[in-house]
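S.K.: Take this structure, written in structure tokens, and hold onto it; I'll ask about it next.
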Amino acid sequence: MQEHYTRWIEQIESLCGSANVGHVDVMVDQAGWDISILPALRLMEPGMSWFSLFSATPEEALLTQAPILMRINLDDWRHKAWLEELVEQVGHLPRLMLLISPMPFDVLVKSLQGLSQLEWGGQSGLLRFYDPRVMPEVLSSVLSPEQKEQFLRVALFWSWLDRDQQPVWQPGTYRSNQTLAETFPPISLADAQFDRLGSISDAQNLIEVARVKFPELSREQCFASCYRVVLQASRENYFGDLKLYARLHFGRDDRPS
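Position one of the sequence shown corresponds to residue 23 (my numbering), numbered consecutively onward.
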């Protein structure tokens, strides 16, 4: 196993141990993937709790494309081996999101399913927060403080591998005495928030342009430059070729000091 994967597993075990939580919750995004984890998951012994976030939604039939939440028991060597294999086989893809949460699994399921539902301008859709390329900017620049808190309060920690394959840990605000919501309405975005959400994928599509321009930068640094440029284009109501715009507007501030 690669060193950064081993380090991530060790951090997971250490933080779970410190929090006296004997499990880690893992989300796997199967969208657009020619592999499904479901056959192996169903054969797992002893079985582990798992749930499709598409359940009871219009996308319910798309089980093999659904984001799957599973609770992995770190005290069982077979579950731990499954986690290690999952990280080793999938870690290089933007498909893994981890949580350390003491919440009962059924309550966590309802919470995350609610957080995955999105409304804006009278329309509805999916908020793919479980994509590690999306989650950081969703928390830092898209959601309101109140909406961000809805994500933080379900976990002690969120974690993912960034674009440079380095573990990232986002502290949560879970408290054992917090009042749990009985209903989980969709996340409602204003137009400006929805534009910022769309800018994440636009910036992701520009990363290779930035890597040519700034070969000395990491992939995360390249994304930050691209996101800045895309937001600038949005403010200027630019609707042309974003790659051309980016080449013209990458600047000195995008180089490391």
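All C-beta atoms, glycine included, are put in the ideal place defined by N, C-alpha and C. All of these numbers come straight from a predicted model, not from anything done at the bench.
Determine the burial state of Arg22: buried for a count of at least 16 other Cβ atoms within 10 Å of its Cβ, exposed for fewer.
M.R.: Here the chain has residues from 23 to 279 only, and residue 22 is not among them.
S.K.: Whose C-alpha, out of Met66, Trp142, Ala83 and Glu81, is nearest the C-alpha of Asp217?
M.R.: Trp142
S.K.: Measuring alpha carbon to alpha carbon, tell me which residue in Ala225, Pro80 and Ser166 is nearest Ala212.
M.R.: Here the closest residue by C-alpha is Ser166.
S.K.: Report the residue ranges of all beta strand (DSSP E) runs contained in full by the stretch 23-95; include only those spanning at least 3 residues, in chain order.
M.R.: 45-51, 72-74 and 89-95
S.K.: Report the CB separation of Leu60 from Thr86 in whole angstroms; it is logged as a contact under 8 Å.
M.R.: 7 Å
S.K.: Within this structure, are the beta carbons of Ala268 and Leu228 separated by less than 7 Å?
M.R.: yes
S.K.: Quick check on this structure: which residue in Glu159, Asp263, Val252 and Gln135 has the alpha carbon closest to the alpha carbon of Phe73?
M.R.: Gln135
S.K.: Around the Cβ of Cys38, are there at least 16 other Cβ atoms within 10 angstroms (buried) or fewer (exposed)?
M.R.: buried
S.K.: Kindly indicate which three-state DSSP category Pro193 falls into: helix, strand or coil?
M.R.: Strand, per DSSP.
S.K.: Go through its chain and collect everything with a Cβ distance to Leu96's Cβ below 7 Å, but skip five positions before and after it.
M.R.: In its chain, beyond the 5 residues on either side, Glu35, Cys38, Gly44, His45, Val46 and Lys102 have a beta carbon closer than 7 Å to the beta carbon of Leu96.
S.K.: Cutting at 7 Å between CB atoms, please list the residues of its own chain near Trp104, excluding the five before and the five after it.
M.R.: Met66 and Ile94
S.K.: Anyone know if the C-beta pair for Ser221 and Ala232 falls short of 7 Å?
M.R.: no
S.K.: Check Ser221 in the structure and name its three-state DSSP category.
M.R.: helix
S.K.: Determine, using beta carbons only, whether Ala41 and Leu178 come nearer to each other than 7 Å.
M.R.: Their beta carbons are under 7 Å apart, which means Ala41 touches Leu178 by this criterion.
S.K.: Taking the C-alpha atoms as reference points, what is the distance between Pro124 and Gln172?
M.R.: 16 Å
S.K.: Could you give the C-beta distance for Phe151 and Leu137, rounded to a whole number, given that I count them as a contact under 8 Å?
M.R.: 6 Å
S.K.: Quick one: residues in its chain with C-beta nearer than 6 Å to the C-beta of Leu149, no 5 flanking neighbours on either side, listed in chain order?
M.R.: Ser138, Leu140 and Ile209
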